[in-house]
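As given, the protein sequences belong to chains A and B, one line each in that order.
So the first sequence is residues 1 to 338, counted in our numbering.
So the second sequence is residues 339 to 468, counted in our numbering.
Note sheet for the following structure.
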Amino acid sequence: MLAILLMSCGREPLVQTQSYVFGTLVDISIYGESDAKAHQAINHVLENFQQLHHQLHAWKPDSELSQLNQSFAVGNTPVKVTPELSKMLIEASELSRQSDGLFNPALGHLINAWGFQRDEFTPVEINDADIQKWVKAQPVMSDIVIKNEMVYSRNPAVKLDLGGYAKGYALDQAAKILRDQDIKNALVNIGGNIIAVGKHGDKPWRVGIHHPRLAKPMATLELLDGWAVGTSGDYQRYFELNGRRYCHILDPHAGYPAQGTQAVTVLIPPGKNAGVMSDVASKPIFISGENAKAEAAKKMNVAFYLIVSAQGKLTASEGMSKRLNWLIKNPDVKVLPD
Amino acid sequence: MKALFNHLKFSRILIGDWILFFAALLLVIFLFKTYWHVESATKLQIRQGDKIYSTLSLNQSRTLLIHGPLGDTKISIQNGQVRFVSSPCRNQYCVHQGWLRHSGQVAICLPNQISLELLGADKPFDSLNY
Numbered sequence: 001m002l003a004i005l006l007m008s009c010g011r012e013p014l015v016q017t018q019s020y021v022f023g024t025l026v027d028i029s030i031y032g033e034s035d036a037k038a039h040q041a042i043n044h045v046l047e048n049f050q051q052l053h054h055q056l057h058a059w060k061p062d063s064e065l066s067q068l069n070q071s072f073a074v075g076n077t078p079v080k081v082t083p084e085l086s087k088m089l090i091e092a093s094e095l096s097r098q099s100d101g102l103f104n105p106a107l108g109h110l111i112n113a114w115g116f117q118r119d120e121f122t123p124v125e126i127n128d129a130d131i132q133k134w135v136k137a138q139p140v141m142s143d144i145v146i147k148n149e150m151v152y153s154r155n156p157a158v159k160l161d162l163g164g165y166a167k168g169y170a171l172d173q174a175a176k177i178l179r180d181q182d183i184k185n186a187l188v189n190i191g192g193n194i195i196a197v198g199k200h201g202d203k204p205w206r207v208g209i210h211h212p213r214l215a216k217p218m219a220t221l222e223l224l225d226g227w228a229v230g231t232s233g234d235y236q237r238y239f240e241l242n243g244r245r246y247c248h249i250l251d252p253h254a255g256y257p258a259q260g261t262q263a264v265t266v267l268i269p270p271g272k273n274a275g276v277m278s279d280v281a282s283k284p285i286f287i288s289g290e291n292a293k294a295e296a297a298k299k300m301n302v303a304f305y306l307i308v309s310a311q312g313k314l315t316a317s318e319g320m321s322k323r324l325n326w327l328i329k330n331p332d333v334k335v336l337p338d
Numbered sequence: 339m340k341a342l343f344n345h346l347k348f349s350r351i352l353i354g355d356w357i358l359f360f361a362a363l364l365l366v367i368f369l370f371k372t373y374w375h376v377e378s379a380t381k382l383q384i385r386q387g388d389k390i391y392s393t394l395s396l397n398q399s400r401t402l403l404i405h406g407p408l409g410d411t412k413i414s415i416q417n418g419q420v421r422f423v424s425s426p427c428r429n430q431y432c433v434h435q436g437w438l439r440h441s442g443q444v445a446i447c448l449p450n451q452i453s454l455e456l457l458g459a460d461k462p463f464d465s466l467n468y
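Structural data, given as structure tokens:
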């Protein structure tokens, strides 16, 4: 009824907010609710994000995650963690295993060596000896032992950085909070990762996929109820040194930023961790070599993906290709059969 | 009147007429390409932190200084386009984005918490994945 009233005033019942939390931009749209109810629900979500940000901060020493990292560095005494962090670590370990270690949140020291554990990415002097030291130490998620919310690491080189997981986890939390608040239609965007709840009025929510080299979207797609989309790209977090681009996605075997890819976008069907998958699953595909990308997608159970190679060549899975509406003229897309 | 008619009837198309004709044609093509753009945006929304700083017409020439956590960011609006001119952030990604002119285009300066978004009747999506 209210929606009809609002519509009759000629204004769409859409509340949109933008905030800077999680060290990034958070964009929430709610459709078909009163302003008061929408803002209340949005505040719940933002409070949750703020709390997760403090809990999971990878380089502020007082976060729960940093304190765990400090205990890993000095020995293998089990430390009590919150049930929530324990669950996250179990899930992240499982996904790391599934990706054959390409998604590796234990690489905090290496990420720090590349200067990506900062709010801004200025070029660092590349210290190969330091990088090789952390590669040789082989910190992996299976070094971590989790039992009854007591956690320790068998390898002191393990330093957790959930940068490739936390935003996705927060998306799942956001969708849950909004549904619990009886919000039927919402779109949540955390630093580019997006999850949909319901629809935008009588149409599905529609998201644009950013072009990795131009300041505009290259395609759009409809994001149906419960679906999530995420992109790993070399164009948001990177630095340039001597004409070369170093992005924040590191190849754990080489210890160097993954080369050969501009962007990988994955579209994830509804599920209990669609948000997490939209964040995590693009990484192994991004890091894998050109011929191993389809296999990496399969390992992560990703059926819908789009790859932009370092040369700007487009490859899409058949399912993804059917869902994309290109905004660039005559895109030359190689379609891989499902 | 008759004299004028005779004049028109017998006048030949001279080189000057051709020049004028092509100049007019070029002008039409230029105007068409410049202004006849269905997706051209008309409005700019500037956000400062979590607030809308201003929603402005793109049809003006104007330079704005917007204050963020790091200092002042300079934005220029000109001929239906907008860009970050200078920013106190280190990465300068926002400045490197260059001119924005089509609806749906977005440039964000995360460190200084300022974003530019071009609005238009036909924005093709609700949110941007990047």
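The beta carbon of each residue, even a glycine, is placed where N, CA and C say it ideally should be.
DSSP places D410/B in the uninterrupted beta strand (DSSP E) bounded by 409-416. At least one CB atom of chain A sits nearer than 8 Å to the CB of P462/B. According to the DSSP assignment, H210/A belongs to the beta strand (DSSP E) that extends over 205-210. For G115/A, no chain B residue has a C-beta closer than 9 Å to its own C-beta; the minimum C-beta separation is roughly 11 Å.
Residue pairing by DSSP places C247/A opposite Y238/A in a beta bridge.
By the C-beta criterion, the region 174-193 of chain A is judged to be in contact with the region 18-34 of chain A, since at least 3 inter-stretch pairs fall below 8 Å. Interface with chain B (8 Å Cβ-Cβ cutoff): P217/A is included. Around the beta carbon of S395/B, a 10 Å sphere encloses fewer than 16 other beta carbons of the protein chains shown; the residue is thus reported as exposed. Contact annotation for G208/A against chain B: G442, P462, F463, S465, L466, N467 [CB-CB distance below 8 Å, chain order]. Beta-bridge partners of K389/B (DSSP): Q386/B. The contact set of G233/A on chain B, defined by CB atoms closer than 7 Å, consists of Y468 in chain order.
Of the candidates D388/B, L456/B, C427/B, L408/B, L456/B places its Cα closest to the Cα of Q419/B. In this structure the region 236-255 of chain A does not lie against the region 197-209 of chain A, because fewer than three pairs of beta carbons, one per stretch, are closer than 8 Å. Three or more Cβ pairs closer than 8 Å define a contact, and the region 73-82 of chain A falls short of that threshold against the region 404-415 of chain B. DSSP assignment within the region 81-153 of chain A yields the following whole beta strand (DSSP E) runs of 3 residues or more, N-terminal first: 144-147, 150-153. Contact between the region 286-296 of chain A and the region 320-331 of chain A is absent: fewer than three C-beta pairs spanning the two stretches fall below 8 Å. Secondary structure note for L160/A: it is in no beta strand (DSSP E), with a DSSP letter that is neither H nor E. If you check the CB distance, D279/A and G243/A do not come in under 8 Å. For the C-beta of P449/B, the chain A residues within less than 8 Å are, from N- to C-terminus, D119, E120. Residues of chain B whose Cβ lies closer than 7 Å to the Cβ of S309/A do not exist; the shortest such Cβ separation is about 18 Å. Counting the other CB atoms within 10 Å of its CB gives A361/B a total below 16, which places it among the exposed residues. Cβ contact annotation for Q50/A (same chain, cutoff 7 Å, sequence separation greater than five): V21, in chain order. In the displayed model, Y468/B falls within coil according to three-state DSSP, outside both helix and strand. Annotation: Cβ neighbours of I194/A in chain B (cutoff 8 Å, chain order): S465, N467. Contacts with chain A at 8 Å (Cβ-Cβ) include G387/B. Only those residues of the region 52-85 of chain A whose C-beta falls short of 7 Å from the nearest C-beta of chain B would be listed, and there are none. Proximity to T265/A across Y246/A, L95/A, G226/A, G319/A peaks at G319/A, based on C-alpha coordinates. Along the region 260-281 of chain A, going in chain order, the ones with a CB nearer than 8 Å to a CB of chain B are T265. At least 8 Å separates the beta-carbon of Y169/A from that of V45/A. Apart from the 5 residues on each side of it in sequence, W227/A sits with its Cβ closer than 8 Å to the Cβ of I195, A196, L267, I268, P269, P270, A274 in its chain, given in chain order. Minimum Cα-Cα distance from N104/A among the listed residues K329/A, Q138/A, A129/A, Q55/A corresponds to Q138/A. The Cβ atoms of Q173/A and N301/A do not sit closer than 8 Å to each other. Per the Cβ contact rule, the region 378-391 of chain B is in contact with the region 415-430 of chain B (3 or more Cβ pairs under 8 Å).
Under DSSP, T220/A shares a beta bridge with G208/A, N325/A.
If you look at Y305/A, you'll find it isn't in any alpha helix (DSSP H); it sits in the beta strand (DSSP E) that goes 304-309.
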